[in-house]
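Visitor: One structure is given below, represented as structure tokens, and several questions about it will come after.
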Amino acid sequence: MQKIQADYEIVTPMFIGGGDKQEEPEIRPPSIKGALRFWWRALQWGECLKNAGNNAEQALHELHKQEAVLFGAAFKDNKYGQGKVLLKVKKFPSKTANILNLSSGQQYLLGQGLYHFRDGLLQQALASQQHFSVILKLDNNIDAQPIIDALMLFGLLGGLGSRARKGWGSVAIQSLTLTDKENNSQKIAIPDNKDSYKKTINTILTSLPSSLPPFTAFSGHTRIDLSATTSKLPESLLTEMGEQMQMYRSYGRNGGSGHKVNGKDAEQNFKEDHDLILSFAQGQRVSEPPRRAVFGLPHNYFYSNGTKVDVDAEAEQGKTSRRASPLMIHIHQFPSGESIAVQSLLKADFLPEGRRIQLKDIKGKKTQMLKCDVDWTVITDYLERFQQGERII
Numbered sequence: 001m002q003k004i005q006a007d008y009e010i011v012t013p014m015f016i017g018g019g020d021k022q023e024e025p026e027i028r029p030p031s032i033k034g035a036l037r038f039w040w041r042a043l044q045w046g047e048c049l050k051n052a053g054n055n056a057e058q059a060l061h062e063l064h065k066q067e068a069v070l071f072g073a074a075f076k077d078n079k080y081g082q083g084k085v086l087l088k089v090k091k092f093p094s095k096t097a098n099i100l101n102l103s104s105g106q107q108y109l110l111g112q113g114l115y116h117f118r119d120g121l122l123q124q125a126l127a128s129q130q131h132f133s134v135i136l137k138l139d140n141n142i143d144a145q146p147i148i149d150a151l152m153l154f155g156l157l158g159g160l161g162s163r164a165r166k167g168w169g170s171v172a173i174q175s176l177t178l179t180d181k182e183n184n185s186q187k188i189a190i191p192d193n194k195d196s197y198k199k200t201i202n203t204i205l206t207s208l209p210s211s212l213p214p215f216t217a218f219s220g221h222t223r224i225d226l227s228a229t230t231s232k233l234p235e236s237l238l239t240e241m242g243e244q245m246q247m248y249r250s251y252g253r254n255g256g257s258g259h260k261v262n263g264k265d266a267e268q269n270f271k272e273d274h275d276l277i278l279s280f281a282q283g284q285r286v287s288e289p290p291r292r293a294v295f296g297l298p299h300n301y302f303y304s305n306g307t308k309v310d311v312d313a314e315a316e317q318g319k320t321s322r323r324a325s326p327l328m329i330h331i332h333q334f335p336s337g338e339s340i341a342v343q344s345l346l347k348a349d350f351l352p353e354g355r356r357i358q359l360k361d362i363k364g365k366k367t368q369m370l371k372c373d374v375d376w377t378v379i380t381d382y383l384e385r386f387q388q389g390e391r392i393i
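Here the sequence shown is numbered in the UniProt record's numbering, starting from 1 and rising by one per residue.
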């Protein structure tokens, strides 16, 4: 069999564990496998689409088939079951983070589920600067390169746990070794500075499809930015990312001297969203969803008069569902101690065909369904705020 070992370091505190938030945080093999499958799918979409002659439906079928063969799926009709890639995790991190004095930017990135202004943190996290290893065993007839690329991108752009797309739980790859069926070992080069980091990503993400993917995957519409750099603690980049996003997106609170965000005058870039949702809550019908919905759903509104409106993705049978943010923040640290904040925008069909965006006034129990029409410039304009940033792809 072939064997791949990938070693990772936790860069920012990781909120990971079971469904009970009071449990001790821990990395479990299913979490790693889920992340690996995500990055593998995102990478393989282009190849499957090419082989299917740009037939998206056929490409999706082939992608799901390949994924089931490699990583396993429910056993049905004498198909699939256990996959041909066996995964094991070594060196489980166990030290919990002692997180004190969270900055406003960090609080913003944690969101309501993990942080409360009165109660503080609602869940424990694994501390940064801990390591874990992932060992994969593959059948000899499997092409190891796509899996190697997925492991690499997981450690260059990804993370684990709650709010991983907001930069918490970021992981940085430290080493990657392939042992072939003849037991020959090959160490794969790992980026150790900004230049080699950018080069590695561009090398992996070549020949991307030009069409918008039907799910979160790499394409010619993908944008990856190196937004900020610091020689301080990596968590300081979470502060910068959070404060920038909060200032860009927030309407602000009126404390008597105008609307403020963290003590600064609010920019109110999306005043029309504020007014649109308030009009809906007051009984008027609206014609379009709020522009900020493109950052992900649910997207909720709270007004000083007690009005609350939820903006959700429509699911089957009239229920609502989530739509994860297409923008992912990753904090990466190099051996020199330098850290970078990388933001990846993976554009894709925002919702499945025919699904709508739902507005629901919780107090008045009014609902309205709207056509899913999102404006990607809302996110690209946000990325342009980082004046010292540079685009990788």
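Glycine residues also receive a C-beta, built at the ideal position from the N, C-alpha and C atoms.
Using DSSP with H/G/I as helix, E/B as strand and the rest coil, what is Phe-38?
Guide: Residue state, collapsed to three classes: helix.
Visitor: Considering only C-alpha positions, which residue in the set Leu-297, Tyr-301 and Thr-206 is nearest to Gly-252?
Guide: When only C-alpha atoms are compared, the closest one is Tyr-301.
Visitor: My output table needs one value for Gln-246: the three-state DSSP class, helix, strand or coil.
Guide: Here Gln-246 sits in helix by DSSP.
Visitor: Does the region 257-268 come within contact of the region 36-46, defined as at least 3 CB pairs closer than 8 Å?
Guide: As far as the Cβ criterion goes, the region 257-268 does not touch the region 36-46, which means the pair count is below three.
Visitor: For Pro-335, count the other beta carbons within 10 Å of its own beta carbon; 16 or more makes it buried, fewer makes it exposed. Which is it?
Guide: Pro-335 comes out exposed.
Visitor: Going by CA-CA distance only, name the one from His-274, Gln-145, Gln-388 and Pro-214 that's closest to Ile-4.
Guide: Taking only the C-alpha atoms, the option nearest Ile-4 is Gln-145.
Visitor: Closest by CA to Val-11, which one among Asn-101, Leu-60 and Ser-236?
Guide: Nearest option by C-alpha distance: Ser-236.
Visitor: Between which two residues does the alpha helix (DSSP H) harbouring Ile-148 extend?
Guide: Taken as a continuous stretch (DSSP letters only), the alpha helix (DSSP H) holding Ile-148 covers 145-157.
Visitor: Using only the alpha-carbon positions, how far apart do Leu-351 and Asn-183 sit?
Guide: If I take the Cα positions, the gap works out to 46 Å.
Visitor: Here's a check: name, in chain order, each residue in its chain whose Cβ is nearer than 7 Å to the Cβ of Gly-111, leaving out the five neighbours to either side.
Guide: Around Gly-111: Arg-163.
Visitor: Label Gln-244 either buried or exposed according to how many other C-beta atoms from any shown protein chain fall within 10 Å of its C-beta, with 16 as the threshold for buried.
Guide: When all chains shown are included, Gln-244 counts as buried.
Visitor: Identify every residue that forms a DSSP beta bridge with His-259.
Guide: Answer is Asn-254, bridged to His-259.
Visitor: Can we say the region 51-71 touches the region 226-235, given the rule of at least three CB pairs closer than 8 Å?
Guide: Flag = no, the region 51-71 and the region 226-235 do not touch.
Visitor: Please report the residue range of the beta strand (DSSP E) in which Asp-375 lies.
Guide: Element bounds for Asp-375: n/a, residue is neither H nor E.
Visitor: Can you check which of these residues, Ile-142, Gly-34 and Gln-129, is closest to Phe-173 by C-alpha distance?
Guide: Inspection of the sequence shows that residue 173 is occupied by Ile rather than by Phe. It is Gln-129 whose Cα lies nearest to the Cα of Ile-173.
Visitor: For the putative contact between Gln-106 and Gly-242, defined by C-beta atoms under 8 Å, what is the C-beta separation to the nearest angstrom?
Guide: With a Cβ gap of about 6 Å, Gln-106 and Gly-242 count as contacting.
Visitor: In terms of DSSP beta bridges, what is Asn-300 paired with?
Guide: Answer is Asp-310, bridged to Asn-300.
Visitor: Out of Tyr-382, Phe-132, Lys-95 and His-332, which one is the CA nearest neighbour of Val-294?
Guide: Comparing Cα positions, the closest option is Tyr-382.
Visitor: Buried or exposed: where does Asp-149 fall if 16 or more other Cβ atoms within 10 Å of its Cβ makes it buried?
Guide: Asp-149 is buried by the Cβ-count criterion.
Visitor: What would DSSP say about Met-369, mapped onto helix, strand or coil?
Guide: Correct three-state label for Met-369: strand.
Visitor: Rounding to the nearest angstrom, what Cα-Cα distance links Arg-322 and Ile-379 in this structure?
Guide: Their Cα atoms are separated by approximately 18 Å.
Visitor: So Leu-370 and Glu-288 are in contact, right, with Cβ under 8 Å, and what is the actual spacing, rounded?
Guide: Leu-370 to Glu-288, Cβ: 6 Å. Contact.
Visitor: Taking the DSSP output, what are the residues bridged to Gly-120?
Guide: According to DSSP, Gly-120 bridges with His-116.
Visitor: According to DSSP, simplified to helix, strand and coil, what is Met-1?
Guide: Reduced to three states, the DSSP call for Met-1 is coil.
Visitor: Label Gly-167 either buried or exposed according to how many other C-beta atoms from any shown protein chain fall within 10 Å of its C-beta, with 16 as the threshold for buried.
Guide: Gly-167 comes out buried.
Visitor: By a C-beta neighbour count over all protein chains shown, 10 Å radius and 16 as the cutoff for buried, is Asp-265 buried or exposed?
Guide: Answer is exposed; the Cβ neighbour count stays below 16.
Visitor: Below 7 Å between beta carbons: does that hold for Pro-290 and Leu-278?
Guide: No, the pair does not count as a contact, with Cβ atoms beyond the cut-off.
Visitor: What's the C-alpha gap between Leu-114 and Asn-140?
Guide: Their backbone Cα atoms lie some 43 Å apart in a straight line.
Visitor: Quick one: give me the first and last residue of the beta strand (DSSP E) that His-330 is part of.
Guide: 327-333 is the span of the beta strand (DSSP E), which, as asked, contains His-330.
Visitor: Could you compute how far the alpha carbon of Ser-304 sits from the alpha carbon of Ile-135?
Guide: Distance between the alpha carbons of Ser-304 and Ile-135 is about 52 Å.
Visitor: Nearest CA to the CA of Asp-225: which residue from Leu-297, His-299 and Ala-341?
Guide: Residue Ala-341 is the option with its Cα nearest to Asp-225.
Visitor: Quick one: grab the DSSP three-state call for residue 394.
Guide: Residue numbering for the chain in the displayed model covers 1 to 393; residue 394 lies beyond these limits and cannot be assessed.
Visitor: Excluding sequence positions up to five away, which residues of its chain have a Cβ less than 8 Å from the Cβ of Asn-98?
Guide: Ala-127, listed in sequence order.
Visitor: Buried or exposed: Ser-339, going by 16 or more other Cβ atoms within 10 Å of its Cβ?
Guide: Buried: at least 16 other Cβ atoms inside 10 Å.
Visitor: Could you tell me whether any non-hydrogen atom of the ligand NAP is closer than 6 Å to the CB of Trp-39?
Guide: The ligand NAP is not part of the structure shown, which contains no ligands of any sort.
Visitor: Of the residues Gly-220, Lys-366, Tyr-197 and Lys-137, which one's Cα is nearest the Cα of Thr-179?
Guide: The residue with the shortest Cα to Cα distance from Thr-179 is Lys-137.
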